[in-house]
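Working notes for the structure below.
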Ligand SMILES: [Fe+2]
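So this is what it looks like as structure tokens:
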């Protein structure tokens, strides 16, 4: 019979095997589990001591005294590498220069290096004038202890963990700011930026990113509500900000991070995301939101675990 010929015998056996593979965790090729590390290979970005611990910091907004207190606390805990998730304090004029100079001096004195993902409140005119170093980081000649991540930048750290950065975000108060003075249109996370991240990850044949550092929170991870709606927060601005979070989420769904740390929303929280890529791959991601300067949860120490993302996270208390 035609029906028996197409489904019976070997066909039925193959179908049962496929069903078994799909149902049993670890045998389903479409399901990526976070407890299955993959071997990490590549060239470390620098020759820092392998401590397995990094510093992570949220928005500093050019606040010198607060930033200095975090640097002192990081150094006291033996941290040599700090990742900053944006609204760092790259700012024009004398106050901006004082911020960079003071922090850089502290980093030299304590043998610290900072890797910074730019946010929305940053001087993008100055960022555009930075030079790329041989590892693809943006640099300021006078401040070699600071390196800034171009959007979509990827790297493997000294512990073998795979990192990706995607900075930028929309300013909800953009209508109250002046272009080139305290607002720069280059804050916008564009589709081009997201495509570059995906292309970078794919060109290195990474199945997943261990740790993704962003300024904004990808859409859908958490509902951020405003308790009041000022006149300057127009529907156009709301859309402008929301579309960037959606782009970020789509990029995240392509590179499947095990962990994602972000700032921008000035709130310290832990969340998780069970995502689905455009090609139908399910994945799980742990999310860490960092608070802003002057707030609890602005800075943490985290263990880096290649193939897993982050391990223990310790909050630096003020
Ligand atoms: Fe921000």
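Residue numbers (the numbering used here): 29 to 346.
Glycine included, each C-beta is placed from N, C-alpha and C at the ideal position.
Sorted by position in the chain, 115, 147, 148, 292 make up the residues whose C-beta lies under 5 Å from a heavy atom of ligand 1. Shortest Cα-Cα distance from residue 221 to any of 195, 176, 189 involves 195. By the Cβ neighbour-count rule, residue 272 is buried, with 16 or more other Cβ atoms within 10 Å of its own. If you check the CB distance, residue 156 and residue 177 do not come in under 9 Å. Cβ contact annotation for residue 227 (same chain, cutoff 8 Å, sequence separation greater than five): 180, in chain order. Segment contact: the region 328-335 against the region 297-315, fewer than three CB-CB distances shorter than 8 Å; contact not assigned.
Residues 240, 313, 315 of the same chain have their beta carbon placed closer than 6 Å to that of residue 288, with the five preceding and five following residues left out of the count. Given a length threshold of 4 residues, each whole run of the alpha helix (DSSP H) inside the region 212-285 is given here in chain order: 219-231, 263-283. According to the DSSP assignment, residue 290 belongs to the beta strand (DSSP E) that extends over 287-290. Scanning its chain for C-beta atoms nearer than 7 Å, with the 5 sequence neighbours on each side dropped, one finds around residue 211 the residues 199, 202, 205, in chain order. The C-alpha of residue 281 is placed about 19 Å away from the C-alpha of residue 269. Residue state for residue 99 is assigned as helix, using DSSP reduced to three classes. Between the region 107-118 and the region 141-148, the count of Cβ pairs shorter than 8 Å is three or higher; the stretches touch.
Counting along the chain, no beta strand (DSSP E) covers residue 169, and no H or E run does either. A Cβ-Cβ distance of about 12 Å is found for the pair residue 116 and residue 92, leaving them out of contact under the 8 Å criterion. Cβ-Cβ distances below 6 Å link residue 99 to 134 in the same chain, with the five nearest sequence neighbours on each side left out; the list follows chain order.
In the three-state DSSP reduction, residue 125 falls in the helix class (H, G or I). Residue burial is scored here from C-beta neighbours: residue 292 has at least 16 other C-beta atoms within 10 angstroms and is therefore classed as buried. Shown here for residue 88: same chain residues with a beta carbon closer than 6 Å to its own, the five before and five after excluded, namely 95, 116, 117, 321 in chain order.
The shortest CA-to-CA distance from residue 305 to any of 263, 295, 285 is the one to 285.
The distance from the Cβ of residue 101 to that of residue 338 is about 19 Å, inconsistent with a contact at the 8 Å cut-off.
Nearest in C-alpha terms to residue 266, of all of 249, 243, 197, is 197. Ranked by Cα distance from residue 230, the options 258, 245, 279, 81 are led by 279.
Assignment of residue 182 by DSSP, reduced to helix, strand and coil, places it in the strand class. Straight through space, the alpha carbons of residue 317 and residue 341 are spaced by roughly 12 Å. Going by beta carbons, residue 223 and residue 333 fall outside the 9 Å limit.
The C-alpha of residue 169 lies about 8 Å from the C-alpha of residue 158. Annotation for residue 156: the continuous alpha helix (DSSP H) segment containing it runs 152-156. Contact between residue 183 and residue 151 does not hold, since their C-beta atoms are separated by about 24 Å, which reaches or exceeds 8 Å. In this structure, residue 290 and residue 245 form a Cβ contact; the two beta carbons are roughly 5 Å apart against a cut-off of 8 Å. By the CB criterion at 9 Å, residue 346 and residue 97 fall inside the cutoff.
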